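Protein chains in written order, with the numbering used here: chain A, 2 to 253; chain B, 2 to 253; chain C, 2 to 253; chain D, 2 to 253; chain E, 2 to 253; chain F, 2 to 253.
6 protein chains.
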Amino acid sequence: MNCKKMVQITWQEYDAQKDRVLILPAGSIEQHGPHLPLCVDTVIAERFAELLAEETGAVVAPVLSYGYKSKPCSGGGPLFPGTIDLNGITLQNLLIDLLTEFAADGYNKIFIMNAHFENEAFIEEAMDLVSRRVGPSVHMLLSNWWDPIPEGLIDQLFDVVPFPGWALEHAAVTETSLMMYFAPELVRVDKISNIPPLTPPNYAEYPVPKDLIPESGTLASAYSSTAEKGKLIVDTVVPLLKDMMLRVFGSL
Amino acid sequence: MNCKKMVQITWQEYDAQKDRVLILPAGSIEQHGPHLPLCVDTVIAERFAELLAEETGAVVAPVLSYGYKSKPCSGGGPLFPGTIDLNGITLQNLLIDLLTEFAADGYNKIFIMNAHFENEAFIEEAMDLVSRRVGPSVHMLLSNWWDPIPEGLIDQLFDVVPFPGWALEHAAVTETSLMMYFAPELVRVDKISNIPPLTPPNYAEYPVPKDLIPESGTLASAYSSTAEKGKLIVDTVVPLLKDMMLRVFGSL
Amino acid sequence: MNCKKMVQITWQEYDAQKDRVLILPAGSIEQHGPHLPLCVDTVIAERFAELLAEETGAVVAPVLSYGYKSKPCSGGGPLFPGTIDLNGITLQNLLIDLLTEFAADGYNKIFIMNAHFENEAFIEEAMDLVSRRVGPSVHMLLSNWWDPIPEGLIDQLFDVVPFPGWALEHAAVTETSLMMYFAPELVRVDKISNIPPLTPPNYAEYPVPKDLIPESGTLASAYSSTAEKGKLIVDTVVPLLKDMMLRVFGSL
Amino acid sequence: MNCKKMVQITWQEYDAQKDRVLILPAGSIEQHGPHLPLCVDTVIAERFAELLAEETGAVVAPVLSYGYKSKPCSGGGPLFPGTIDLNGITLQNLLIDLLTEFAADGYNKIFIMNAHFENEAFIEEAMDLVSRRVGPSVHMLLSNWWDPIPEGLIDQLFDVVPFPGWALEHAAVTETSLMMYFAPELVRVDKISNIPPLTPPNYAEYPVPKDLIPESGTLASAYSSTAEKGKLIVDTVVPLLKDMMLRVFGSL
Amino acid sequence: MNCKKMVQITWQEYDAQKDRVLILPAGSIEQHGPHLPLCVDTVIAERFAELLAEETGAVVAPVLSYGYKSKPCSGGGPLFPGTIDLNGITLQNLLIDLLTEFAADGYNKIFIMNAHFENEAFIEEAMDLVSRRVGPSVHMLLSNWWDPIPEGLIDQLFDVVPFPGWALEHAAVTETSLMMYFAPELVRVDKISNIPPLTPPNYAEYPVPKDLIPESGTLASAYSSTAEKGKLIVDTVVPLLKDMMLRVFGSL
Amino acid sequence: MNCKKMVQITWQEYDAQKDRVLILPAGSIEQHGPHLPLCVDTVIAERFAELLAEETGAVVAPVLSYGYKSKPCSGGGPLFPGTIDLNGITLQNLLIDLLTEFAADGYNKIFIMNAHFENEAFIEEAMDLVSRRVGPSVHMLLSNWWDPIPEGLIDQLFDVVPFPGWALEHAAVTETSLMMYFAPELVRVDKISNIPPLTPPNYAEYPVPKDLIPESGTLASAYSSTAEKGKLIVDTVVPLLKDMMLRVFGSL
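Here is the structure:
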C-alpha cells in the first residue's frame, strides 16, 4: 500500500514528502453505548485519513486520540465513565503547536480529518491563530465524514430507522456501520438495540441533568447497521473529500 | 414597565432580586451587509432579554457587545471592517468571571440570551468550567432566538424567498425583520437587495479566501423582511423561552 | 447630531471613517451607594465619549460595561452585591483583542475614555503590549474625566462639602452631579445623605475587612450635588479632552 | 490476551475496571536517524504498557503520540524535520486534563509509562499540580524503560560498542534493539552505521548550533543491535516495573 | 542584630518562626538618573524590611529584584536601558506562587514592603486571588515607604526644592536621601543636578514619545538631598509601618 | 574589583557595557538540612557569577532568589517548610521577560549561571521560546557549577565519603564545602552529621510519600566538607566556565 504514515517513515522520508498534503486525523475517547468501544471517533478519523492518503499520496500524522468535551446531545456528555474530556484551550493549544510544527517543516497543505463533532470550534480557533502567524502560504482545511454525505445517501442508509439528524447520529446507524466495516471485531452486535431517537432540548444547560441522556449512552437507534452501509459511506465520501482537497489546495 | 435592568438599579435593589433569574444578553459587533448596522446581534439579544424580563421579573445584566470571531459562512467572517472579533479564550474568560460574580452575589438562575451563533462553543465552555467550580446549586442556561422557532413559523417568514438554513440567515429575512421591529431607524431599507443565498462550502478553510463571501456581506436575501415578521418572531419565541426557563429553573 | 456610534453604522460607513479617532469608553458595574445605579461609570464614560465625538467627528465604539475589580477605598470594594469584578487579566486580554482589531481595521488614533479608576493599570498594560505588536503608527491614548479638572473648578464644585480627594469621589459630589446632568431619572435624590468622607487607610489589606466601608457604600458626601455642577464639569472637561486628543494624535 | 486497551472496550467495561491500574504511555514524534521511524518512542511506550497490562490486568489508555521538544543531545533537537515539538505548557496541560479525567472516573492508580526523556519535567509538573487538586487518594507514578535497567544488563547489551550514557542512547543500541523486537518491519537495518558517540557539550545553548549534531541524527552507534537484545531488555524491565507498581500502588 | 533573614536561616529555624510576620520586600531594576544605581527600589525595600524586622521580630524573605514596567511619569519608562520590565501577569503569578507557599508553610501574617510604585496594581491582584484561595485566616498587607509620610515631614524634606508630588519623586530628594543614608557608596553625588520637575501629561500615551522624559531620567530635582533627610524618613516611617502591622495583624 | 553588578551601576554605565556578557545567576530558596541556610543555591549562583564577571568583564544581573519546585530526590522536595516553590510556568515566564528585556537593551551574550538543578527544564524552555522571537543574533547559554567538574576532582573531593552522584549532592560535601568557602558564617558546622546517602527510587511518585526523605533533609553526607574543598571547586570550575563562554560567545 502507498499510504505514508508519519509514524512509520524516517525523518528523511518525511522531509522528502513535504510537497504533499499532510493529514491530521482527530478523534476522541468517548462513550459510544454498550455496543461500540470508546475509540470510535479515533478509528474512523484514522481510517478515513489512511484511505485518503492512499488516493492522494498524502502523509498521515498520528491521530489525536483525545478530543474536546463530549456534549450531552451529540455524544452523551461528560457524565459517562470513559468519556475523557480535554478542556477547549488544551485542545486548541495542542493544535496550535502541531500546525506550527508541520508548517515549520515545510508542509503547507494540511488537512484536519475530524470525526468528533465537538472538536470543531477549538480546531478552527487554532487554525485561525496559526494562520495569522504563519501567513497565507500555509493552507489549512478542516472537514469530517458526515458533512459531505449527499441527501441521496442518507435515504439509502436510513431505510429502516428514521434519520435523526447528524447531532444524534452518535453510536447510531452511521457510526456503527462504519465500525462494522473498519473494525468489526470491536462491535458488540448483540448489544445493539432498536431505540427511538432522543428528543434533545433546544438549549444547553449546566449542570447537565443526570437523566437527560438514556442510560445506555446511545442517542439514536443503531438498528439496521451493516458493514455494507459503512462501505457505502466510505466509497461515497472519500472521493468527495479528495475533490475538496483538490479545490482548496490546488494540487495534491 | 417592570423590566429590571441591572444598570439602572442600585446595589440594594439588585441584592433584593437575587431569587429571580438573571439574564445576560450576548451579542457581537459584526458586519451585517449594507442595510443593517454593526450592532444587530447586540440589539436583538438585549431586546429579547428585556422582553423576557418583563414577562418573568428577571434582572437583565449589561449586554456583551463584543463577541467571538465571525465565521465566513454564518457571519461574513473576519475580513470585513467593523467585524470586531474576540479570541475564543478572551470571551470564555469574560464569561467565567461574570458567571462567577453573579453566582457569588447569590443569583443561581442565570440565562444567557445569545444572538451571535459563533459565541456558543466558548460560552458553553465557560458554563462548564464555572459549574464545576460553583457546584450544582447554580443553574445556567444558554439559548438563542432561532432554535426555538417552530417549522410552521419558518414557512410564514419565508413566504417570498426560500429559507436558506439558519447559518445563512445572516443579515437576511429574520434578522432584518427583527431589526425593523426593534429599531426601524437603524435599517437602511433602500439598501436591501434580493440576492440568491450563498452556497457555502461544507468545510472550513484558512486563510479565508477573499472571494468566498459576496462583497456586500449579506449571505442570503433580506427581501420581503417586514416589522410584522419581526413581531411574529418575537411573539412566538418569547413565550417559548419563558417555558424553557421555567423547565430548567423550576421557578422564575 | 453628528456623533457616529459604531453600533449604529454599517460596516461600509465604519470603513469610510477610519481616518477619524475611535473612542472606546470604559466603565464598570459597581455599587454607587443607595442613590445611584450600578451603571454610573458606564453612563459617564459613554456620555463623555459621545460628546467628544460630536466635537471631533470621532467614531464611538460600544462601551465596556464590565470593568476591573472595585477597590474598597475608591469604589467600595468587592463585598457589595452588584459590584461585578473582572479579573485583571480578563480585562487586559479584552482590551488587547479590541485594540488589535481596531488597528487591523485601519484605525490608528484610539482614545480610551475611562470612567472607572481601577481599570487603568490593566488598560495601560494592554496598550503597552498591543503597541509593541502593532508598531508606532498606531497611537493610543488613555484618559478620564477627573484628571483634566483644574484646581479652580474643584473649588466651585466643593462649595458646600470639602473635596475629599479623587479616590473618595465615589458616588459623591462629582459623580452624582454628572448623573443628575446626564441621566436624572436614574438618581434617587431622596437617598442622598450628607456623610463625612471615609478616612481611608494608607495601605491595602486582604481579606478586605467587612467594616472598612460605610454600609451604604458611599465614600464621601454627595450632598450639594446638582445637574448644574454636572454640566459645569462637562463643559470644562470636554474641550480639555479635545485639546489632549489634538496634541497626541496631531489631527482629529 | 488479557490486555485491556481503553480504546477497545466500551464505557461499561471501562467502568468495571476502575480498581485496576490505568497505564498512560507517553511517546513522541522525533527523528531517530536514517534507520528508525519517527515513532520509536511511541511504539516502545505503547508496547511496554501493553506487556505490563498483560502482567497486571491494568487498563491501557491511548498513547500520547506527541511529546515535548527534542533536545539536541538527547534526541537530536528541533532542527530535524519530522521532530514535532510540543511546548512544555501544552504537554503539561494535556496531562493535567487527562489525569484529572481518569481520577474523576474513579481510577486512583495511574502509571505514566514514558519513553521520551524530554517529557519528564513537564509530566511531573502536571502530576504535582493534579495531586494538589485531587488529593492524596489518587496515586500517580512516572517511570520509563531505561532507569530500571541494572548495571549487569548494560554490560550484556554493550558487548560490542561502548555504553555512551542514557542521554546519548538515542536511535542507538537499546532503542534499535527494542524496535527490532517490537516492530522489525519498521527498522531499516541497512541504514545502521557504526559511528562513535557524540561528545555532547556540558551546557545548553540557544540558538542550537546547526553543526552540533551529526547530520544523520544518530547520537551513538546502533551497531550490534539485535531483536534478542530487545527481548532481553523487555524481559528484564517488565518485572521490575511490575514490582515498582506494586510498591507504589499497594495492589494491582 | 535580631533580624531574621530567610536566606540566612535553616528550614528548622524558619519553621520555628511561623507565628511571626513574614515581610516580602518588592523592588525593581529601573533607571534612576545619572547619580543613582539601577537598584534603588530594591535597596530601599530591603532595608526598610530589615529595619522593620528588627523592630518586630519578623522574618524577611528575599527581595523581589525585578518589578513591573516602569511608567514614564513615575519612573522614566521603558525606553531607558537598564530598566528591566516584567509583564504584569508575570509579576502577578510570581506573587501568587510566593504568597501561596508562605501560607502553606503556616505563615498567616504577610507584609509586602513595596518600594516601586508601579508594582502595586499587580501585587494587589495577586493578594486578592490568593486570599480567595487560602481563605480569611491568612492576612496580607501591602504598603510602601511614602504613603505613611505625614505632611509635616514633607515640609522638612522639601526645604530647598519644592515637593513635586510623589509620582515625580523618582531619583529625586527622597530616594536620593534614602540612598545616601542606606548605601552612600552607591550615590554619584557629583552627578546630582538641580532641575525643575517634569510637568507630566494628565494621560497615558502609547507608544511613549521619545522626548517625554528628560534625557537624564531624573523626574525632579535631587538637589538638597542628604543622608540626614534619609534618616529622618526612616525614623519617621518605620514606627508608622510597625503600627500599621499591629493594626492589621493584631499581634506581631 | 572589576565586577560590574547591574544593581550597583547607573543606567548609563549599564548601557556602555552592552557588548559584554550579561550573567544572570539563578538560585532557589530550599531546605538544605540542619547545617545550611535556605539560600545555598542563591549564594553559590551569585558568587560564581561574580567571580566569572571579574575574570571576563561581564555584567551581573540580580540573582533569581526563587526557583522551581524542589524535587524529593535532588532537593528534599516540597514537604519541607522553607522550600519556596515556583510553578514551572511562573519561572519560565519570568525568564522569558528578563531575557527579552536584556536582549532589547542590546545585550546579545547572556549566560545563565544556575545552581538549582530543578530550574533547568523551565529555563531551557524560556531560552527556546525567546530565541525564536528575538532571532539568532542573541546567544544564550545555560550552565551550572557541577557539570564542568572533571572526574579527577570528584575523587579529590570524595576522599572520605563516597560520591553519591550529583542528584544526591544536596546539602552534602560539595554544597557544604562551597558554603564554607563563600559564606562560612552561614554554616552550622556542629549540625553536620555523617549519614549514608539516600537510596532514591528510580521513579517519580505523587503524592510524595512523607517518609521518602530523611527527616533532616540531607540527602547524603556532608561529612569531610572543608572550605579548601570549596576553593578547589571554584578554582577548577571558574576557568572551565570562562572557556565555555568563550566557545559559545566567540568573544567576552
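Where is the CB? At the ideal position from N, CA and C, for every residue including glycine. Remember, predicted model here, so these are calculated numbers, not experimental data.
Sub-8 Å separation of residue 62 of chain D and residue 97 of chain D beta-carbons:
By 1-based counting over the fourth sequence, the position of residue 62 of chain D is 61. By 1-based counting over the fourth sequence, the position of residue 97 of chain D is 96. It is not a contact, given that the beta carbons lie outside the stated cut-off.
Does the Cβ of residue 281 of chain A have 16 or more other Cβ atoms within 10 Å, making it buried, or fewer, making it exposed?
Residue 281 of chain A cannot be examined here, being either before or after the span of chain A that is shown, 2 to 253.
Which runs of the alpha helix (DSSP H) fall wholly inside the region 59-92 of chain C and span at least 4 residues, in chain order?
73-76
Out of C:73, C:26, C:71 and C:33, state which residue places its alpha-carbon closest to the alpha-carbon of residue 60 of chain C.
As a first step, residue 60 of chain C is located in the third sequence; it is residue number 59 there, counting from the start. That would be C:26, whose Cα lies nearest to the Cα of residue 60 of chain C.
With respect to the alpha helix (DSSP H) encompassing residue 49 of chain F, which residues constitute its N-terminal and C-terminal limits?
Within the sixth sequence, the letter at position 48 stands for residue 49 of chain F. Counting along the chain, the alpha helix (DSSP H) containing residue 49 of chain F begins and ends at 41-57.
Under 8 Å: do the region 140-155 of chain C and the region 3-14 of chain C share three or more Cβ pairs, one atom per stretch?
no
Check whether the region 218-230 of chain B and the region 157-168 of chain A touch, using three or more Cβ-Cβ pairs below 8 Å as the test.
no
Taking residue 207 of chain D as part of the beta strand (DSSP E), name the residues at either end of that continuous run.
On the fourth sequence, residue 207 of chain D is found 206 positions in, with the first residue counted as 1. From DSSP, the beta strand (DSSP E) with residue 207 of chain D extends over 205-207.
Give me the Cα-Cα distance between residue 172 of chain A and residue 136 of chain C, rounded to the nearest whole angstrom.
Here residue 172 of chain A corresponds to residue number 171 of the first sequence, with the count starting at 1. Here residue 136 of chain C corresponds to residue number 135 of the third sequence, with the count starting at 1. Roughly 52 Å between the two C-alpha positions.
Which residue or residues does DSSP assign as beta-bridge partners of residue 113 of chain D?
To locate residue 113 of chain D, count along the fourth sequence from 1; it is residue 112. Paired residue(s): D:25 and D:143.
What ranges does the alpha helix (DSSP H) occupy inside the region 194-241 of chain A, keeping only unbroken runs of at least 4 residues that lie completely in it?
none
Less than 8 Å between the CB atoms is what I'm expecting for residue 125 of chain C and residue 143 of chain C, so what's the real figure, rounded?
Mapped onto the third sequence, residue 125 of chain C falls at position 124. Mapped onto the third sequence, residue 143 of chain C falls at position 142. Correct: roughly 6 Å between the Cβ atoms.
Of all the CB atoms in chain C, is at least one closer than 8 Å to the CB of residue 70 of chain E?
Here the question's residue 70 of chain E lines up with position 69 in the fifth sequence. Yes, because at least one Cβ of chain C sits closer than 8 Å to the Cβ of residue 70 of chain E.
Residue 52 of chain C at chain B interface by Cβ criterion, 8 Å
Translated into positions along the third sequence, residue 52 of chain C becomes position 51. Not closer than 8 Å to any Cβ of chain B, the Cβ of residue 52 of chain C fails to qualify, so no.
Any heavy atom of the ligand SAH closer than 7 Å to the Cβ of residue 23 of chain E?
You won't find the ligand SAH in this model; it holds no ligand whatsoever.
Return the CA-CA distance between residue 94 of chain D and residue 131 of chain D, expressed in angstroms with no decimal places.
To locate residue 94 of chain D, count along the fourth sequence from 1; it is residue 93. To locate residue 131 of chain D, count along the fourth sequence from 1; it is residue 130. Distance between the alpha carbons of residue 94 of chain D and residue 131 of chain D is about 10 Å.
Among E:214, E:163, E:241 and E:101, nearest to residue 77 of chain E - alpha-carbon criterion:
In the fifth sequence, counting from the first residue as 1, residue 77 of chain E sits at position 76. For the residues E:214, E:163, E:241 and E:101, the minimum Cα distance to residue 77 of chain E belongs to E:214.
Return the residues of the region 10-25 of chain D that lie within a Cβ-Cβ distance of less than 8 Å from chain A, sorted by chain order.
10, 11, 12, 13, 15, 16 and 19
Taking only beta-carbon positions, decide if residue 85 of chain E is within less than 8 Å of chain F.
Numbered from its first residue, the fifth sequence carries residue 85 of chain E at position 84. Interface residue, yes.
Classify residue 247 of chain F as buried or exposed, calling it buried when 16 or more other Cβ atoms lie within 10 Å of its own Cβ.
For the purposes of this step, residue 247 of chain F is taken as the residue at position 246 of the sixth sequence. When all chains shown are included, residue 247 of chain F counts as exposed.
Please confirm if residue 109 of chain B has its CB atom under 8 Å from at least one CB of chain C.
Taking the second sequence and counting its residues from 1, one reaches residue 109 of chain B at position 108. Output row for residue 109 of chain B: interface = no.
Using a Cβ distance threshold of 8 Å, determine whether the region 33-41 of chain C contacts the region 30-44 of chain B, with at least three qualifying pairs required.
no
Would you identify the three-state DSSP class for residue 150 of chain D, choosing helix, strand or coil?
One-based indexing of the fourth sequence puts residue 150 of chain D at position 149. Residue 150 of chain D falls in the coil class under three-state DSSP.
Residue of A:183, A:51, A:48 and A:123 minimising C-alpha distance to residue 91 of chain A:
Here residue 91 of chain A corresponds to residue number 90 of the first sequence, with the count starting at 1. Measuring from the Cα of residue 91 of chain A, the nearest candidate turns out to be A:123.
With a threshold of 6 Å on Cβ separation, who are the neighbours of residue 146 of chain A within its own chain once the five nearest residues in sequence on each side are excluded?
As a position in the first sequence, residue 146 of chain A is number 145, starting the count at 1. For residue 146 of chain A, where only same-chain residues beyond five positions count, the Cβ hits under 6 Å are 49 and 238.
I want to verify the contact list: residues of chain C whose CB lies under 8 Å from the CB of residue 189 of chain B, in sequence order.
Mapped onto the second sequence, residue 189 of chain B falls at position 188. Residues of chain C passing the Cβ test: 11.
Tell me where the alpha helix (DSSP H) around residue 127 of chain B begins and ends.
Translated into positions along the second sequence, residue 127 of chain B becomes position 126. Unbroken alpha helix (DSSP H) run through residue 127 of chain B: 121-135.
Buried or exposed (CB count within 10 angstroms, at least 16 for buried), residue 212 of chain D
Position 211 of the fourth sequence, counting from 1, holds the residue named residue 212 of chain D. Burial call: exposed.
Using a Cβ-Cβ cut-off of 6 Å (strictly less than) and excluding sequence neighbours within five positions of residue 29 of chain B, which residues of its own chain qualify?
Translated into positions along the second sequence, residue 29 of chain B becomes position 28. Answer for residue 29 of chain B: 42, 68 and 117, listed in chain order.
What number of angstroms, rounded off, separates the C-alpha of residue 64 of chain E from the C-alpha of residue 44 of chain F?
The residue given as residue 64 of chain E occupies position 63 in the fifth sequence. The residue given as residue 44 of chain F occupies position 43 in the sixth sequence. Residue 64 of chain E and residue 44 of chain F: Cα-Cα distance of roughly 14 Å.
At a CB-CB cut-off below 7 Å, which residues of chain E make contact with residue 7 of chain F?
As a first step, residue 7 of chain F is located in the sixth sequence; it is residue number 6 there, counting from the start. In chain order: 30 and 39.
Name the one or two DSSP bridge partners that residue 37 of chain F has.
Counted from its first residue, the sixth sequence places residue 37 of chain F at position 36. Looking at the DSSP assignment, residue 37 of chain F forms a beta bridge with F:33.
Does the distance from the CB of residue 34 of chain F to the CB of residue 217 of chain F come in under 8 Å?
To locate residue 34 of chain F, count along the sixth sequence from 1; it is residue 33. To locate residue 217 of chain F, count along the sixth sequence from 1; it is residue 216. In this structure, residue 217 of chain F lies closer than 8 Å to residue 34 of chain F by Cβ.
Three-state class that DSSP yields for residue 192 of chain A in the structure shown
Locating residue 192 of chain A in the first sequence gives position 191, where the first residue counts as 1. Reduced to three states, the DSSP call for residue 192 of chain A is helix.
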